[in-house]
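Take a look at the structure below.
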Amino acid sequence: RGVTPQLSYDAMFYYARANDVTRGHFYVTNPYFFEHRDDRTSIATFNDAVIALPQLLGFSFNTGYYANIFLWAIALLFLLYTFFRAHSLPPTLGFLGAVWCYAGLYGDMLRPGVMQIIYPLYILFLLFFWRYINQKEGSMLPLAIAAGITAYFYTFLFMAVIATLGVYFLAL
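Pasting the structure below:
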């Protein structure tokens with residue numbers, strides 16, 4: 584029912600994983616091997632389930648793909664704007680900075696399942712980390728949650744977050 588859009592080199596891999604989630608396999612290991620479709624993955628990841636959510640809600644594959652592009656772009660722009668505003672930039676510069684960053688990340692944001700979720704999560708972590716550094720009241724729990732959930736979405740994001748926190752606490 585339509586042509587599958589492919590806007591990145593690895594899109595078909597993530598499409599196959601998202602489609603496998605719609606078939607009831609929420610912890611996808613490798614959708615290309617039929618005999619491993621029910622195996623548990625060694626690393627828990629919720630990316631595939633999040634990307635497949637529009638399909639699970641009854642939308643077509645292509646509609647879900649474009650909805651993910653649009654919604655994750657809005658989330659990233661909002662988080663970038665909030666991040667720049669937290670650094671005391673005027674609203675106009677915050678908006679221009681968010682658009683500038685998004686323009687630089689545009690190609691990566693077309694990759695389903697990975698960068699669409701990774702970038703907003705990392706900016707969310709950086710936002711709460713900034714609040715923690717500036718000793719805002721009640722910033723420890725959101726920072727811990729933002730840092731903790733990264734482990735369930737992408738291992739390399741979790742490693743970047745732990746490295747950031749580790750270097751900060753070693754420098755104290």
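Numbered according to my numbering, the sequence shown spans residues 584 to 755. Built from N, CA and C at the ideal position, the CB exists for glycine as well.
From the listed residues 643, 689, 663, the smallest Cα separation to residue 679 is found for 663. Taking one beta carbon from each stretch, the region 631 to 647 and the region 661 to 675 have fewer than 3 pairs nearer than 8 Å; the two do not touch. Under the rule that a run must span 4 or more residues, the alpha helix (DSSP H) segments found entirely inside the region 622 to 671 read 630 to 639, 644 to 669. For residue 609, the three-state secondary structure derived from DSSP is coil. Secondary structure note for residue 727: its alpha helix (DSSP H) is the uninterrupted segment 723 to 732. A Cβ-Cβ distance of about 4 Å is found for the pair residue 711 and residue 726, placing them in contact under the 8 Å criterion. Going by DSSP, residue 689 is part of the alpha helix (DSSP H) stretching over 674 to 692. A straight line joining the alpha-carbon of residue 640 with that of residue 721 spans about 35 Å. In this structure, the straight-line span from the alpha carbon of residue 733 to that of residue 700 is close to 10 Å. Going by DSSP, residue 755 is part of no alpha helix (DSSP H) at all; its letter is neither H nor E.
Counted as a single uninterrupted DSSP element, the alpha helix (DSSP H) harbouring residue 699 occupies residues 698 to 716. In this model, residue 642 and residue 675 are separated by some 36 Å (Cα to Cα). With distances taken between CA atoms, residue 684 lies nearest to 667 out of 667, 723, 695, 652.
For the pair residue 692 and residue 746, the CB atoms are not nearer than the 8 Å cut-off. The C-beta distance from residue 739 to residue 628 rounds to 12 Å, too long to meet the 8 Å contact threshold.
Contact check for residue 594 and residue 694: beta-carbon distance about 7 Å, within the 8 Å limit, so the pair qualifies.
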